[in-house]
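Below is one structure, written out as structure tokens; comments come after it.
Residue numbers (my numbering), protein chains in the order written: chain A, 1 to 473; chain B, 1001 to 1473; chain C, 2001 to 2473; chain D, 3001 to 3473.
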């Protein structure tokens, strides 16, 4: 793909979700649906902060607005009002190395033999290279780097007689993880990959019994004042139209493989995934972690923000007092520092503020959700010790993260994973903790209360549930 | 096409050119070509102020940067430096009603079976609807409203063995007016429609004997310090690559039909089109106008800015003194006025400042290039009379503009043309002039010094040189 | 004061601190001090988000940069680098109704008989009207609404022989609450009002034994990698210059009256004020609140973010489990909603996300820091009940807030305080809680561990420690 | 004055006027005056493009809006609507080296013993340093670098019983050049310095017989649809209030000294100054220049834009044809060029586009208004020769500019004047012209048709009409 000129993007310190999607269809109501879709996007903002977009349908025309930045950067009062219609899909995106250009913002809207269509999706196709080669060979051309454009091209070429059939036929060609929503003039189609790797749920608007919602997380449904109906099934293709919602077809789903990291980190604490609340799952992981570990500490603290929930469970199970040992500065934006080391150390203190009076002289158990590159962990440990902590014991609420994800979670490059090729002890030395303990895979599975064979644990075990690998590793 | 939400754009008061294109290829030189392409775009800014864009090739990758606004709004120092390579094409665009969205900015860059390609073009295809229908039918999908995307799709589907052949084959499918530049990893292709309606010229860089330029106007070549070689021939397909430039093929050109409005209004005064300098042609039109007209005036003035050149010729031929009767405020941007009529009248005075001491008690001959909607002419006449002019005689340096253009000039809607269905006398009454005289078609042709049969005069005569009509009028 | 045209500012739902100040002087070091002052401002961002500014001295010239917005909005890399010198003062400001204009951003820099001076301050003068009238009478003119300009005018008119004497003389004229820093070419002066109402502390840079810091809160010192030395004494005037720091003079301080709300809400949890850590004080208030209250609840939650710390203490003292019952959306900026009530209710859900699985069927004890206008409390209670809470018992970690503050805390208008003229029971009914309990004044004082007579509790008791009242209430 | 951090401003190539002022008072009309003041500012935009501002009075409160940039950058629809009232003053400013900071934007609004006041002025005080020292000594403090602040301080300290008396008393203390407007709650005061160096005129609104206007140039009056009444007399203090306008007092004016450069360059061509139209004066200068010179040329061209008017007169007097030899690119904003000389030469070609077909083989007489630093002239001559001109003869429509102006025109630094210390022949060699001829002082005076003793010709003759010199040169 032709590249837009850009400056480098700082590498993220946590695993990064690529996207969130939402779709609402309410043909029989008289209200504009865009303001609701906007609220849904706001609820999914944690899944992607690089761009936001929405496409609506008024029955004849599709209207779109998208741009770089957060939801409130892209959508002001005017933008929302200028999106008419009763059907809408929306998207928030995390910019990854491969996928950071303005041209790649979603939803992607096109004209085709099926009329105007727009698509938004979360996940990654593992047979994308093969599909792309076939499309180019057959005379198609591609303007973006998105899987969305591949999928739309396949739909456009399907030679089926109607859109649901064309989508169903296309889904059979896809390998990989996806949760996708497609808007046409008169319907929304929503689909989830056969192993159910990426989350997608179905809800209904309370104020409007004929309006239905699909969204990456249930928090979008509840933020709209709606009710969660159920998850979209792995392999299911749903149709939302003026008759309500219906299940159009179901791809065979020989195995489920729901991404464990959704519960560990990605999902908003109030979301329900696989019928479980994310916050309570995190507390349960913290409990398992405490039960599995040798704990010699005076206090338990969470690494803000994502370590707080497992830390509460850890404290409960260990009987140790939960404390606030370090707070996160809510106002930190860009920080400019001069290029001498003394001051670079200060940058961490801007973002994370230790409370010395809590830490001083204490043996501190710190709970964090995961270790990706290790830099942040090392800085946190130094910070706590500088603030007076006698010992810092780091507890991680997920197993060692050693295998890159090919299904839409960043980093997708093995070499960026600090735990790759290192023992826990080597890692402990590297980051400077007095002890380092991870929850076991079995402990994690117990906390999730989902059958182990229904989970994708590839990033911990290397056992990838979907065979293809786009990187050829 | 799905629409982006936008507020209305004020209607233009002059005929509007859609675009300007430029391409430079210099594989053997060691310099970055982007800064030169940028200077070329600056020289073509008068052909379009709504968006600007550039794509460069470093031999492997295409790099692009485009955006809404003027050339200096889109391209700062950083943007130029981040476009590496020795081949570049650029585009400036006027946003028309149909073509105002960000998604329609050019160049358009894609991946295809021929590798990465980018295209920029000026003009309009008259068989676009047919081509689009065929493409959608065959499974293609379209993301923009541009003719560029249609052309690229046809190239991608051509099944030819190399790019020049694919482009040549595609050109045979196109009807309408176009001047286009295509960039691949290792060449630029430039083509002009068979009647040569839109301008396109070939030049060379003086500092680099192996670097060649194609551009909508020669002013881009001279602004780069280059030399004009010749016009691209009607129907010609040129290839610029590491061997220099070569004429790849020539579509049959049974008739030439160069747009007369390029000389009347669009082109920059220092440009050479059809081997003639635009400024001198404009003076010549003014002379013809004076010779054809009954002139009872004390002074000659030009309507700023485009009436100044013909006014100089008019004054010379009539023997009347040329004066500055009204000046244009160079700083006018948006003007906000309260919604009462008294103040709305003041808005014209902000933009056009009459010099009462020059006009007072005089019979004034005002020369303007054309009348489109008539509003500006009426305001100008009122302004001059309010400033003391005893009589205002309006002379127009083109024949009555009564037929909409289907080849890329706005307005493309007949109903916006005030001269449509009105006699000159009716028009004179409407705008309030003491007399109104147009140059004749023959007078215009004499001034242009181009054979009448080699010109497109459709907007004056209704005789369209290219048969198809996309609007079905 | 002439007003700048502005749109309305939404009313705040918590008591609002007006400002934060910082000053650093390090004549003997070779380093630029601006980057450190910038880090100090970042640490004080929670004290004011409307504007930020900095003035530096290089020994000859004062250099300034200030603007509306957050610290990173005003200060980029370039802005910091263009502020040379070894002395600096900085300011962050909350825009109140009276003080929201660009002209009122601080520091304020002037030329005077003492050379160039700049001032930044936190607090409010209660005899401002009298001082202003006297100044205008004597021929002075005022360009801002700030107390800072009044103070600088008095210094300029002091007729003393040097700056410290002029400042000391001026301080004797001031009534009210203030913490101020003044920068001249060769020194910083720092002063605190005689009752010590507003906080101000002294610290030293660790990397530079001759560099000293004054700041509203110790977190600015620790964020710079410095060490807290002590509080500036009530009535004290400190001088920081090339000889280090020295106490120039001390106004008589018959009574101390430190603002209790600094510990309750304003200060950052890691700050030390009156030798006490704010986070630990908040936990202690939560304990007192639990001990004083009748608690019939199943779980304890904090209203995010400021209710979390007292909730931890409350849970500890009551023996009830601490839970996360509601989370705050970190990405919320402006939210646009259509003007129908149904959707306005949704706005709260965007900002506060209840976790139904935690709340469902529970009797919930919610801890919040204070009730100002009551709107947020009512919304929170509704939210929790809608999410399934069986009962909601609201506990407030401060006594009823019934008297407006005249010393720099907003709102300064009695009528905005919902507890004014209402019994606790009336208030409970109004906001819809199942029970409502405040900590007592004595309980608060016990938690603060500061002598009651050394505190300003005026907003709870109506006993104002400083007599004058600028509003004439 | 404390300095704001800024990047360097490119040096101007023409003499630069510091400012334009406008004031309108219309107590008896019901309309808001701000939209009219805005139109007046638009008309004066050519006098200053660095900042714009307006203050209005509704009888009680002064309302202000000002900012950096052009009038339409500072004033949108909302800003204008938020300025209520029937009295208004406005200001546009050129940023000079000394006066470029945001803090120095005008009008300056203050509170004083006379209530709220705002001032805007054009010109420069020559005894400013003395006045400032006296003010600081007496305990005043200064926040800006403007003469406006000095003047307001003197008014505030005047101890007179009403504002007109206070202003009249203050004017007696001022030395230098000024045209100033002062707004209070219920009147506008307008004053012009005793030699009448800076222009200021009085007009009336046509739509409102009781509304009067003061403005730097009559074009502001005519742009508002008003009528010019007369010039404000040298030394006159006018009062505009609800009774209309009245002449309050007259300072003794032993000598007039109206700035000749207003007619040569600064004023807009449609303005009337000293009862003469600027455009006709410029043509007259061109005629004098032709009559005084030896002219051996084939064509006459003007250096755009300011050389066009004298060129028309020159052509008329010499009998040579007037031609458009070079055009100015209307779209040029910032131009970025790489740092090698070849391309830097290209920058001139972007801004100035020669028409080779007009120039080729010709002996060209180029008329320009003045030579300041000489760089532009040299570039223009090179450009014309590169485009084919056989000879380039440069004619300057003002005498050699050898003495810096101390009354408000930039550059105020002698060393920047290329004609300083050079003979005309030396200068001709330096810039590369085939001949160089200036109009004589007497020729200029004849064209102006103003008595030589009533003009300030100091920049040509070194005879300064006002004794003091703030620079001590």
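Backbone N, C-alpha and C define an ideal beta-carbon position, used for all residues, glycine too. Note that the structure is a prediction, hence the values are computed from the model and not measured.
Buried or exposed (CB count within 10 angstroms, at least 16 for buried), residue i
i, result
"residue 3208 of chain D", "buried"
"residue 1032 of chain B", "buried"
"residue 3254 of chain D", "exposed"
"residue 3156 of chain D", "buried"
"residue 3076 of chain D", "exposed"
"residue 3294 of chain D", "exposed"
"residue 2098 of chain C", "With a pLDDT of only 47 at residue 2098 of chain C, under 50, the local geometry of the prediction cannot be trusted, and the value read off the model is given with reservation. Label assigned to residue 2098 of chain C: exposed."
Contact with chain C by residue i, beta-carbon distance below 8 Å
i, result
"residue 3141 of chain D", "yes"
"residue 3156 of chain D", "yes"
"residue 39 of chain A", "yes"
"residue 463 of chain A", "no"
"residue 346 of chain A", "yes"
"residue 164 of chain A", "no"
Residue i versus residue j: straight-line alpha-carbon distance, rounded
i, j, result
"residue 2465 of chain C", "residue 2119 of chain C", "26 Å"
"residue 2278 of chain C", "residue 2128 of chain C", "31 Å"
"residue 135 of chain A", "residue 1263 of chain B", "45 Å"
"residue 116 of chain A", "residue 3380 of chain D", "55 Å"
"residue 2246 of chain C", "residue 2213 of chain C", "12 Å"
"residue 2113 of chain C", "residue 2040 of chain C", "30 Å"
"residue 3084 of chain D", "residue 3034 of chain D", "7 Å"
Three-state secondary structure assigned by DSSP to residue i
i, result
"residue 2010 of chain C", "Its pLDDT being 31, under 50, residue 2010 of chain C is placed unreliably in this model, and the value from its coordinates should be taken loosely. Coil at residue 2010 of chain C, not helix or strand."
"residue 3276 of chain D", "strand"
"residue 394 of chain A", "strand"
"residue 3220 of chain D", "helix"
"residue 2349 of chain C", "helix"
"residue 97 of chain A", "With a pLDDT of 47 at residue 97 of chain A, under the threshold of 50, the modelled position of that residue is not reliable, and the figure given next carries that caveat. The answer is coil: DSSP assigns residue 97 of chain A none of H, G, I, E or B."
"residue 1134 of chain B", "helix"
CB contact below 8 Å: residue i versus chain B
i, result
"residue 3450 of chain D", "no"
Residue-chain proximity (residue i, chain D), Cβ-Cβ < 8 Å
i, result
"residue 1304 of chain B", "no"
Fill in: Continuous beta strand (DSSP E) assignments of at least 3 residues falling wholly in the region 1400-1458 of chain B
1435-1438
Worksheet entry | Complete beta strand (DSSP E) runs within the region 28-89 of chain A (minimum length 3 residues, chain order) | 51-57, 62-68
Worksheet item: Considering only residues of the region 3163-3193 of chain D, which uninterrupted beta strand (DSSP E) runs meet the minimum length of 3 residues and lie entirely inside it, listed in chain order?
Response: 3176-3184, 3188-3192
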